[in-house]
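The opening position of the sequence shown corresponds to residue 0 in numbering that gives the first Met the number 0, with each subsequent residue numbered one higher. In what follows, a structure is listed as structure tokens, so that the remarks can point back to it.
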Amino acid sequence: MLKIFFILFLPLLLFSKIQILTYFPLETHIVKKIAQKEIVPREITNRYLSEFRKIPSSEISRLSNSKIYFHFGLDIEKEYESILIEKNPNLKIIDMSKDVNKINNNPYIWMDPFAMRVIAKNIYEALIELDNNKKDFYKENYERFLDEIDDTFLKIKQKMSGSEITTIYAFDDYWDYFANRFRLDIIKKEKKYLNITDVSDTLQFTQDRNIKKLLFYRGMDYNIALSLSSNLNVEIIEDDIFGDNWQFNLLNLSQNLFK
Numbered sequence: 000m001l002k003i004f005f006i007l008f009l010p011l012l013l014f015s016k017i018q019i020l021t022y023f024p025l026e027t028h029i030v031k032k033i034a035q036k037e038i039v040p041r042e043i044t045n046r047y048l049s050e051f052r053k054i055p056s057s058e059i060s061r062l063s064n065s066k067i068y069f070h071f072g073l074d075i076e077k078e079y080e081s082i083l084i085e086k087n088p089n090l091k092i093i094d095m096s097k098d099v100n101k102i103n104n105n106p107y108i109w110m111d112p113f114a115m116r117v118i119a120k121n122i123y124e125a126l127i128e129l130d131n132n133k134k135d136f137y138k139e140n141y142e143r144f145l146d147e148i149d150d151t152f153l154k155i156k157q158k159m160s161g162s163e164i165t166t167i168y169a170f171d172d173y174w175d176y177f178a179n180r181f182r183l184d185i186i187k188k189e190k191k192y193l194n195i196t197d198v199s200d201t202l203q204f205t206q207d208r209n210i211k212k213l214l215f216y217r218g219m220d221y222n223i224a225l226s227l228s229s230n231l232n233v234e235i236i237e238d239d240i241f242g243d244n245w246q247f248n249l250l251n252l253s254q255n256l257f258k
């Protein structure tokens, strides 16, 4: 009897929750910080992909049936947005990067804890507009998330205060927001092997600037990074800013940079 009741009640329970859509799991993780179990999340992809992939029409229909599409305003996300809106003009679009002070041509705002506070506010306001009956619940979670963001910021500052690292090499611009927030100088390196004639001057520059770390995106350009590490006597750090857990990503990055 109990099993039958559960089967009958489950669709009503799911219907009462907000069906939301994100592009990849990190965004879902952040939205759930405030919404928790009051949402049924869907994701366009189960890991971040920078290239557009065609989605079957049946899958577009399923995804577009969501109430809200939360995204960071990445170009790839806007491509899907136009397709989803064409299928469902009533789909509410929430650009979580709204009101964030952005770096030109750099969308990786979640690497800055201060920007994350703005992102959290955008999520909170979208949820209470759609589901005002649970405003107090969302507000409590929102404030708790702000505390977590502040705690993450302070932990990174504390870790950095005991480190001599002030300048690093990096292959990409994924970490610019992080660097700006924590006053870390990033010198961009080309993704190429050093010419033998350049090794001496580059090594001298590296030593003069006290550069001891080279940051690169996990799973990419490893052999080039390893070669530079050997020639310049710097430690290589693989990092994935698109990992599912925002707080873990930043704390792990700071641990590797400032240890």
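Beta carbons: idealized from backbone N, C-alpha and C, even for Gly.
Check, Outcome
"Cβ-based neighbour list, LYS32, same chain, cut-off 6 Å, excluding 5 preceding and 5 following", "PHE144"
"Given 8 Å, three or more beta-carbon pairs between the region 149 to 157 and the region 122 to 134", "no"
"Straight-line Cα distance separating TYR176 from ASP220", "22 Å"
"Status (buried if at least 16 other CB within 10 Å, exposed otherwise) for VAL233", "buried"
"Expected contact under 8 Å - CB spacing of LEU25 and TRP174 to nearest Å", "Actually they are not in contact, since the Cβ atoms of LEU25 and TRP174 sit about 15 Å apart, beyond 8 Å."
"Cα-Cα separation between GLY72 and SER199, rounded to whole angstroms", "42 Å"
"Simplified DSSP assignment, three categories, for THR44", "coil"
"For TYR79, the nearest candidate out of GLU58, PHE170 and LYS101 (CA to CA)", "GLU58"
"Boundaries of the beta strand (DSSP E) in which LYS187 is found, first to last residue", "184 to 187"
"Minimum C-alpha distance to ALA119 - residue among ASP111, ILE102 and MET95", "MET95"
"Limits of the unbroken beta strand (DSSP E) element including ASP94", "91 to 94"
"Stretch pair the region 222 to 240 + the region 125 to 134: three plus CB contacts closer than 8 Å", "no"
"Beta-carbon proximity list for ASN211, same chain, < 7 Å, skipping 5 on both sides", "The displayed chain sequence assigns Lys, not Asn, to residue 211. Closer than 7 Å at the Cβ level, and outside the excluded window around LYS211, lie ILE164, VAL233 and GLU234."
"CB-CB length for PHE170 against TYR216, believed under 8 Å", "7 Å"
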